[in-house]
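So the structure is just underneath, and the comments pick up after that.
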Amino acid sequence: MTQKPEEQKGATEMIFFLARAEMGAWYMKSFDGKKLPPLYKSFSWHGCDKNCPEMVDEMEGIIETKYLRYCDILNPIHTLLLGMVRSAANAARLRMKLPILRNETATDEDRREACTLASRIIDTDSASHANPSLKRFMWHIKAFFQWDALICMLISMTKRGLLAPTELEDAWRRIETVYHNHAEIFERNRMLVAAVARITLKAWNANPPAFAMAGEPFFIEDLRKVYAKCEGKRRRPAGKSTTAVEGTESATPAEPSPRGDFSSLEQNAYGMDLGLENDFTFDSSDWMFWDKLITDFRNAPDDHFGDFSQ
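For the sequence shown, counting from 1, position 42 maps to 42 in UniProt numbering; every step adds exactly one.
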């Protein structure tokens, strides 16, 4: 070959992989100036400045121009690519909101904007599950579920008055859909299950939707069982009879205890103190906890935390 081949324009069989490679190249480019990209797992956000939103817009614009405009909605791999790019861009924008949310001067409008971004990510995931042509790619969709978005929504929903009644009901419908689509959350990595279960119940108890008057939906009932089971395991040390931990009030499945009651789980995750006894807010310690929890969940082998159903 005597000359460099010309890049083919339009959609090819390699479009999904080329777009992913383009995003990877953008991530590497964002390392310039010793600044980590917004989706890098070790990104601390201390170096995030006013240029970060423009960086994400630039990345999304490049992918849009080179690939997405050629996508055919009838082609499953093209549909998967559309969802992946939109979710990745919104996930980067959401994480850029965290420094503001951690700040004591963050307004309710800042929190609503973050909740809106999280909703878009969850809606994309739900639309992917509802698309019959994407069933063959469920292994990919489930593996890359954005826990950050779910956590952000749940934390937002614990504050009364932040969302209008209709917005709150829509948010709970989204959460219900997430648990319906991701039933595997009850089947693996019990540390993550226990943590997400607690914050979901906390949000439900603090700010239930109007449709709760007709009875609790299936996922809340299941989460109460998860919480009760976790409570029972913690209160039954091996070889000893069931006793309550000194200084800790007995918690019913319907109401998470003030202490959190996940001491046995706190000893996991490579010895980290996960701080599960604290209420969840938008302060830095809580978000550091979630960042570490999600990272450990993604990096740990399937049986690292055991099967919660056992």
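Idealized CB from N, CA, C, for every residue including glycine.
Treat the numbers as computed from the prediction; the structure is a model and nothing was measured.
For residue i, is the classification buried or exposed, using 16 other Cβ atoms within 10 angstroms of its Cβ as the cut-off for buried?
{"i": "residue 209", "result": "buried"}
{"i": "residue 224", "result": "buried"}
{"i": "residue 83", "result": "buried"}
{"i": "residue 214", "result": "exposed"}
{"i": "residue 217", "result": "buried"}
{"i": "residue 205", "result": "exposed"}
{"i": "residue 155", "result": "buried"}
{"i": "residue 3", "result": "exposed"}
{"i": "residue 201", "result": "buried"}
{"i": "residue 124", "result": "buried"}
{"i": "residue 373", "result": "The first residue shown for the chain is 1 and the last is 310, placing residue 373 beyond what the model contains."}
{"i": "residue 140", "result": "exposed"}
{"i": "residue 79", "result": "buried"}
{"i": "residue 138", "result": "exposed"}
{"i": "residue 73", "result": "exposed"}
{"i": "residue 185", "result": "buried"}
{"i": "residue 207", "result": "buried"}
{"i": "residue 28", "result": "exposed"}
{"i": "residue 157", "result": "buried"}
{"i": "residue 136", "result": "exposed"}
{"i": "residue 16", "result": "buried"}
{"i": "residue 128", "result": "buried"}
{"i": "residue 55", "result": "buried"}
{"i": "residue 171", "result": "buried"}
{"i": "residue 197", "result": "buried"}
{"i": "residue 194", "result": "buried"}
{"i": "residue 114", "result": "buried"}
Anyone know if the C-beta pair for residue i and residue j falls short of 8 Å?
{"i": "residue 10", "j": "residue 70", "result": "yes"}
{"i": "residue 149", "j": "residue 122", "result": "yes"}
{"i": "residue 96", "j": "residue 52", "result": "yes"}
{"i": "residue 180", "j": "residue 145", "result": "no"}
{"i": "residue 89", "j": "residue 60", "result": "yes"}
{"i": "residue 62", "j": "residue 22", "result": "yes"}
{"i": "residue 329", "j": "residue 98", "result": "Any property of residue 329 remains undetermined from this structure, which presents the chain solely from 1 to 310."}
{"i": "residue 76", "j": "residue 133", "result": "yes"}
{"i": "residue 117", "j": "residue 94", "result": "yes"}
{"i": "residue 211", "j": "residue 169", "result": "yes"}
{"i": "residue 174", "j": "residue 87", "result": "no"}
{"i": "residue 164", "j": "residue 85", "result": "no"}
With DSSP collapsed to three states, give me the class of residue i.
{"i": "residue 182", "result": "coil"}
{"i": "residue 155", "result": "helix"}
{"i": "residue 229", "result": "helix"}
{"i": "residue 207", "result": "coil"}
{"i": "residue 11", "result": "coil"}
{"i": "residue 75", "result": "coil"}
{"i": "residue 81", "result": "helix"}
{"i": "residue 347", "result": "Residue 347 lies beyond the range of the chain shown here (1 to 310); nothing can be said about it."}
{"i": "residue 200", "result": "helix"}
{"i": "residue 2", "result": "coil"}
{"i": "residue 215", "result": "coil"}
{"i": "residue 187", "result": "coil"}
{"i": "residue 18", "result": "helix"}
{"i": "residue 43", "result": "Low confidence applies here, because residue 43 scores a pLDDT of 46, under 50, leaving its location unreliable and the question unanswered by this model."}
{"i": "residue 195", "result": "helix"}
Could you please give the first and the last residue of the uninterrupted alpha helix (DSSP H) stretch that includes residue i?
{"i": "residue 66", "result": "52 to 66"}
{"i": "residue 116", "result": "108 to 130"}
{"i": "residue 142", "result": "138 to 143"}
How about residue i: is its C-beta nearer than 8 Å to some C-beta of chain B?
{"i": "residue 19", "result": "In the displayed structure, chain B is absent; only one protein chain is listed."}
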